[in-house]
């Protein structure tokens, strides 16, 4: 019960975006202004259509609205374009969102590396299964898990309030699988292999957020460099190290050392789900990098 309460408190703190006190001053110093897009002029009829019927009316509806309001069709199209744009977050908002994620990813990655460097299972994955399920849960392991779980819960909730992305569904499935894995491995005391999964996934995420920060600050070359570095680290860790290091120990070494157990299929099913998502994202990253090379920027 204590773990649940602590996780809820930390989730709430993450959702409150405590790093905005750092992010906003940084953004202002970089010349990023809190200026939003051009706002559509107030109009009750068009607003009702926009909120209740459609955000992109077709030609027939535009003609009807033109007669009803005695407005030119192009003026109505312009109104809907402005109205759609005014709901989009400002560059400052996006910068602050990426800043706090960058801070967390970077901090938790180095915490994980420092912790795992002296852990025997970091160098020999078979150690993940020795004495299972009676492995001791140290305080550093405990807080590592609780912090990661709270953060991913905050990402899950913030998906519905933050910037809407094209990969919303993929990210939603990823967060569900990650939360399921963290919770499941904690409850079943599979925390040793769990820490390897967490640290590996944190290795590239802060580089992507760094690329976004550079893009918002209009440092294009720095953005390109960070994105290319992110792509390399992502593919190496998710398509190379993850299947041959993590999946190898969960699928084969665990079976060899402790034999099949009831939750083996669920645990590995979630891990394989992540690998499928890794393949999809790797394709998207390579496609984005190719387009960037063609047009000269990310």
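Residue numbers (full-length UniProt numbering): 1 to 298.
Quick reminder that beta carbons are idealized off the backbone N, C-alpha and C, glycines included.
All values reported here derive from a predicted model rather than from experimental measurement.
Per DSSP, the unbroken alpha helix (DSSP H) holding residue 82 starts and ends at 73-86. A Cβ-Cβ separation of about 14 Å leaves residue 165 out of contact with residue 156 under the 8 Å criterion. Counting along the chain, the unbroken alpha helix (DSSP H) around residue 61 starts and ends at 59-69. Residue 234 is not a Cβ neighbour of residue 210, given a cutoff of 9 Å. By the criterion of a C-beta distance shorter than 7 Å, residue 129 is surrounded in its chain by 253, 254, 257 and 258, once the five residues flanking it on both sides are discounted. Boundaries of the alpha helix (DSSP H) around residue 192: 191-216.
By the Cβ rule, the stretch 216-225 does not count as touching the stretch 186-201, because fewer than three pairs are nearer than 8 Å. Where residue 263 is concerned, there is no enclosing alpha helix (DSSP H), because DSSP gives it neither an H nor an E.
Here residue 198 is near residue 112, since their CB atoms are less than 9 Å apart. Between residue 140 and residue 115 a beta carbon distance of about 5 Å is seen, short of the 8 Å cut, so the two are scored as contacting. If you look at residue 128, you'll find it isn't in any alpha helix (DSSP H); DSSP assigns it neither H nor E. Ranked by how close their Cα comes to the Cα of residue 127, the residues 106, 78, 79 and 196 have 196 in first place.
Scanning 202, 70, 62 and 92 for the CA closest to the CA of residue 29 turns up 92.
Judged by beta-carbon spacing, residue 80 lies beyond the 9 Å limit of residue 109, meaning their Cβ atoms are not closer than that value.
For residue 254, the enclosing alpha helix (DSSP H) begins and ends at 254-258. Residue 27 sits buried, since 16 or more C-beta atoms from the chains shown fall within 10 Å of its C-beta.
Counting C-beta pairs closer than 8 Å gives three or more between the stretch 82-97 and the stretch 39-46, which meets the contact rule.
In the assembly as shown, residue 44 is an exposed residue. Its beta-carbon has fewer than 16 other beta-carbons within 10 Å. Straight through space, the alpha carbons of residue 168 and residue 291 are spaced by roughly 21 Å. For residue 224, the enclosing alpha helix (DSSP H) has its first and last residue at 220-235. Straight-line measurement puts the Cα of residue 192 at about 21 Å from the Cα of residue 174. Counting only the Cα atoms, residue 274 lies some 16 Å from residue 148. Contact annotation: residue 177 and residue 270 have beta-carbon atoms nearer than 9 Å.
Boundaries of the alpha helix (DSSP H) harbouring residue 48: 44-52, taken from the DSSP string.
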